[in-house]
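*Asks:*
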Amino acid sequence: MILRAFRMDGTSGGRMSVASPSLVLCTTTGLALLIPLSSFKDSCAYNISPLQSDAPVTVRTRQFITNRLLQRKQFVVDILHPSRPNVSKADLDKKLGEMYKADSARVVTFGLRTHFGGGRTTGFALIYDSEDAQRRFEPKFRLIRAGMATKTDKASRKLRKERKNRSKKVRQDLLSSYRILTYFQVRGTKKAKAAEPAKKGK
Numbered sequence: 000m001i002l003r004a005f006r007m008d009g010t011s012g013g014r015m016s017v018a019s020p021s022l023v024l025c026t027t028t029g030l031a032l033l034i035p036l037s038s039f040k041d042s043c044a045y046n047i048s049p050l051q052s053d054a055p056v057t058v059r060t061r062q063f064i065t066n067r068l069l070q071r072k073q074f075v076v077d078i079l080h081p082s083r084p085n086v087s088k089a090d091l092d093k094k095l096g097e098m099y100k101a102d103s104a105r106v107v108t109f110g111l112r113t114h115f116g117g118g119r120t121t122g123f124a125l126i127y128d129s130e131d132a133q134r135r136f137e138p139k140f141r142l143i144r145a146g147m148a149t150k151t152d153k154a155s156r157k158l159r160k161e162r163k164n165r166s167k168k169v170r171q172d173l174l175s176s177y178r179i180l181t182y183f184q185v186r187g188t189k190k191a192k193a194a195e196p197a198k199k200g201k
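Here it is in structure tokens:
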């Protein structure tokens, strides 16, 4: 099959013969190149391997702090996973527990963000000294995630606000009725007559 390669400015760059499916690459000179995919398979340097869920992972920590006040260790964690789409929190907790000789149940990871392009994820990690310290200092939503607390079922925020506003309206109506009733009661009382002045000549 004969294909014509074009530069980025639209001018022709000549013809080339392609006998297999090709990959289009744009060079720095502005010339579009058609490269057969078979050349990628033959060359080890350009071999594209699929992502594997069991590929090795590198975990590095930085900004390590031992927080005696909150009875925990806290640090930033960097995960390098070039051959994996991402790393699960369970695997990460287990690996951090092995690194710092701690129980994986006491490890808390949060705020994990994968960098653009993949291959690297950054987040925060905490390692508590005991379960009591974890229950005392961890926020409730993270305790629920870890299965150490139960979520309380309550109405939605919108429904709770509507109930509050309706109750305020009922209280306002009752207060207005009370004020009106009090006003008419005050106006309706009889005034005591003053003593009549003594008549002249008596």
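Numbering-wise, numbering that gives the first Met the number 0 puts 23 at position 24 of the sequence shown, and it's gapless, one number per residue. A virtual CB, placed ideally from N, CA and C, is assigned to each residue, including glycine. Note that the structure is predicted; figures quoted are calculated from it, not measured.
(1) If you reduce the DSSP assignment to three classes, tell me which class Lys198 lands in.
(2) In three-state terms, what does DSSP make of Gln70?
(3) What are the residues that DSSP puts in a beta bridge with Gly122?
(4) Since Arg159 sits in a beta bridge, which residues does DSSP pair it with?
(5) Asp92 and Thr108: beta carbons closer than 8 Å?
(6) Beta-carbon within less than 7 Å of Gly122's beta-carbon, same chain only, minus the 5 sequence neighbours each way: which residues are those?
(7) Please confirm if the segment 150-158 is in contact with the segment 114-130, defined as three or more CB-CB distances below 8 Å between the two stretches.
(8) Which word fits Lys160, buried or exposed, when buried means at least 16 other C-beta atoms lie within 10 angstroms of its C-beta?
*Replies:* Taking the definition as stated:
(1) Locating residue 198 in the sequence shown gives position 199, where the first residue counts as 1. Coil, per DSSP.
(2) The residue labelled residue 70 in the question sits at position 71 within the sequence shown. Coil.
(3) Working through the sequence shown from its first residue, we reach residue 122 at position 123. BP columns for Gly122 point to Val76.
(4) For the purposes of this step, residue 159 is taken as residue 160 along the sequence shown, with counting starting at 1. Answer is none; Arg159 lacks a bridge partner.
(5) In the sequence shown, residue 92 corresponds to position 93, counting from 1. In the sequence shown, residue 108 corresponds to position 109, counting from 1. Cβ distance < 8 Å, so Asp92 and Thr108 count as in contact.
(6) Translated into the one-based positions of the sequence shown, residue 122 becomes position 123. Val76, Thr108, Phe109, Gly110, Leu111, Arg112.
(7) no
(8) In the sequence shown, the residue the question calls residue 160 occupies position 161. Exposed, by the Cβ-count rule.
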